Structure formats: structure tokens, C-alpha cells
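Residue numbers (the numbering used here): 11 to 367.
Worksheet: one structure, shown below.
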């Protein structure tokens, strides 16, 4: 009985295997069969990609850096001498010209001293005249004449010294500019360390920034740049007028300054500036998106679409921007390069272009 049962199980297993194989060999009429019908012969999948047709483009090599606006001239105004402030002549926030009298400290004592000295001048000059006349008659010695001449010269020197001391009691603008908020009042005592106000010139205004060491040799006097500031939509054009003589030892950057006319004073010192330092421009460049480049074995290549197939092409690159890269050799105007799906592409891959960008 057991023998018949054993052979029955074997027969059942053989029958089940035969039925399974039969259904596997039957034509498929399901979703898998429908999907297979969409694939090209040979089993290669068609990749949907984006592309770009190469045409001449303007490509600008720029260095983006952050800088700040600094005044052309700026000084903390203070007196050269000490004394009580008697007059303040400027309005806060007003524009002043070079040499304008801004404030004054008490000079009454110096004025009195000057008046006394000037009163002595006629008498001293008369003595010189009298001694000169007497010398012509041999009535006095030449030494006597020299003594009165020295007295007159000393008197004139004292007058000039007193006038200089009076000038030190006057605070004048050293250059054209805008005067800020005053820090003193009439009647307060001022010394050379007392700041009266700040005078700033922002016409023109300077743009100060640093560039990395690798760009130091490319930035020089006359280099053009564009910059933007917070709250202004337009870009402003400036030009480098000077660079530091050496790199910063800690940051290995080069300090650079440029000038912007700022004729109407619209820009203020202290503002941050987003700077785009132009190196060179290529008018008819072959430029492609950076993502189209595929690095391989120390070389760069791109995929070109030819007759619906992806073909790799070795290229030599040039200048780079934030989003594009120049191709010096390997491509021509009119070529269609693939800009997406580059990591899945192989030589001869079937592709379908769904968009151009």
C-alpha cells in the first residue's frame, strides 16, 4: 500500500511541473506584455531627456565677492587747542565746503595780545628808519641799526605766532563733505581730544573688498566691476583704482578698492555690496549647462544626440560661470547636447527629447 502511495505522489509532482511550464510558455496577455511592446527591439529602454541646441552666447567670466562701501574721505573733527566753545556755525547733516568755519573757541586773550603787538609795530618801524638815517650821517654804529631791525623782526614774528594761535581756535572743514551729528554744545569746554562732529565725503565713494589669492594677479588698476546694494534694484558700475601691495598673511586674500562717482550721493558708506568682478567677455562662446559635463578618467565629455542616439564627445572647457561652462573644442554650433539623465546615458543609448533649455 505504501508503495502505491509513494508512486502516486511522484506522479502528482511531475504533473504539476508540466502544467506550470505550459502556462509559462503561453503568450502573455497582461500588463507585462503591454509594457514589453513599448520597448524597442533588442530590449533597450528609451530615456526621456532634456537638450540644448548650441548657438552663440555672450559669456562673461566673473568673480562674485562681498564688499562694503567706504567714504572717499572721513575725519573726526576736533580743535587744535583747548578752550570754551563760543560759537557753532554748522547745521547737522548739511553739506559744507573746504575751509568753511564750523566752530570756534574763546580767543579773547589772544586777540588782546595781537592788538598789543600790532600797536608796537609803528614805533619799531620808526626806530629802524631813524637809525638808518643816523647811520648815513655816521652818527650811530651799524650795530645799533641791526639791533632795532632785530626788534622789529621779532615783533612781526610774535604777531604771526599769535595769529596762528588764533587760527587754532577756529575749526574749519578740511575738505568738501557732509557733516554729521554734533557731539558738543556752545559753552562746553573742548580739548584736542574732544570730537565735535564727523565730516564725511561720499562723492565719489569707495568699494572695498578682498579677492582670493588665485585671482590676485588678475585684479589690477582699471579692472571694471558691477555691484549691487540692499534696497536698490539696479547694478552700479565701478572701476578698481588701487590694490594692497601684498596679500593678507592670515586670509591669503588681496585687499582691493574701486571708485564709484556717486554724484547724487544716493549710496551711503557702510553699506554691503554684492560685487561681480568681470575678468573677460566672450561674445560668440559655445556655452553649455554645467550639469551636461560628465567627468571620466581625467577627461570631460558630453553626450550629443545624433539620429535618436546618445553619442559621447570629449570636450575641452574654458571659463566658468555660476551655471554655464565654455567649451573650447569638441562641439560646434548646431550640435544638440543632452542636459539631463547624463549619468544613465551610454554610447548608443536610445533617447527621446522632451524639452529644450
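Cβ atoms here follow ideal geometry from the backbone N, Cα and C, with glycine treated the same way.
Just so you know, these numbers come straight off a predicted model, no measurement behind them.
DSSP-derived helix/strand/coil call for residue i
i: residue 251; result: strand
i: residue 106; result: strand
i: residue 367; result: coil
i: residue 229; result: coil
i: residue 158; result: helix
i: residue 263; result: strand
i: residue 99; result: coil
i: residue 70; result: strand
i: residue 45; result: In this prediction, residue 45 has a pLDDT of 39, which is less than 50 and means its spatial position is unreliable; nothing more can be read from the coordinates.
i: residue 125; result: helix
i: residue 303; result: coil
i: residue 334; result: strand
i: residue 433; result: There is simply no residue 433 to check, as the chain begins at 11 and stops at 367 in what is shown.
i: residue 281; result: coil
i: residue 84; result: strand
i: residue 257; result: coil
i: residue 174; result: helix
i: residue 168; result: helix
i: residue 356; result: coil
i: residue 223; result: helix
i: residue 289; result: strand
i: residue 206; result: coil
Exposure label - residue i; buried when at least 16 CB within 10 Å
i: residue 245; result: exposed
i: residue 158; result: buried
i: residue 274; result: exposed
i: residue 172; result: buried
i: residue 40; result: Unreliable positioning characterises residue 40 in this predicted model, as indicated by a pLDDT of 44, which lies under 50. The coordinate reading is nonetheless provided below. Flag for residue 40 reads exposed.
i: residue 111; result: exposed
i: residue 361; result: buried
i: residue 117; result: buried
i: residue 76; result: exposed
i: residue 49; result: With a pLDDT of 48 at residue 49, under the threshold of 50, the modelled position of that residue is not reliable, and the figure given next carries that caveat. So residue 49 counts as exposed.
i: residue 343; result: exposed
i: residue 125; result: exposed
i: residue 353; result: exposed
i: residue 227; result: exposed
i: residue 359; result: buried
Under 7 Å between C-beta atoms of residue i and residue j
i: residue 4; j: residue 314; result: This structure cannot speak to residue 4, because the chain is shown only from 11 to 367.
i: residue 168; j: residue 127; result: yes
i: residue 115; j: residue 189; result: no
i: residue 288; j: residue 102; result: no
i: residue 218; j: residue 286; result: no
i: residue 88; j: residue 206; result: yes
i: residue 282; j: residue 61; result: no
i: residue 263; j: residue 220; result: yes
i: residue 258; j: residue 64; result: no
i: residue 347; j: residue 58; result: no
i: residue 86; j: residue 242; result: no
Nearest to residue i (by Cα), restricted to the options the options
i: residue 66; options: 338, 363 and 75; result: 338
i: residue 349; options: 327, 237, 303 and 358; result: 303
i: residue 335; options: 58, 62, 61 and 69; result: 69
i: residue 320; options: 301, 284, 340 and 351; result: 351
i: residue 78; options: 329, 265 and 301; result: 265
i: residue 328; options: 239, 342, 292 and 356; result: 292
i: residue 98; options: 135, 192, 259 and 133; result: 192
i: residue 129; options: 353, 331 and 162; result: 162
i: residue 93; options: 203, 280, 299 and 295; result: 203
key: Stretch-stretch touch, CB-based, cutoff 8 Å, three pairs: the segment 220-235 with the segment 248-255   = Flag = yes, the segment 220-235 and the segment 248-255 touch.
task = Examine the Cβ distances between the segment 308-327 and the segment 72-83 and report whether three or more of them are shorter than 8 Å.
result = By the criterion of at least three beta-carbon pairs nearer than 8 Å, the segment 308-327 is not in contact with the segment 72-83.
key: At least 3 beta-carbon pairs within less than 8 Å: the segment 190-201 vs the segment 211-228   = No, they do not touch.
ask   = Touch check for the segment 140-156 and the segment 181-193: three-plus C-beta pairs under 8 Å?
value = Counting C-beta pairs closer than 8 Å gives fewer than three between the segment 140-156 and the segment 181-193, which falls short of the contact rule.
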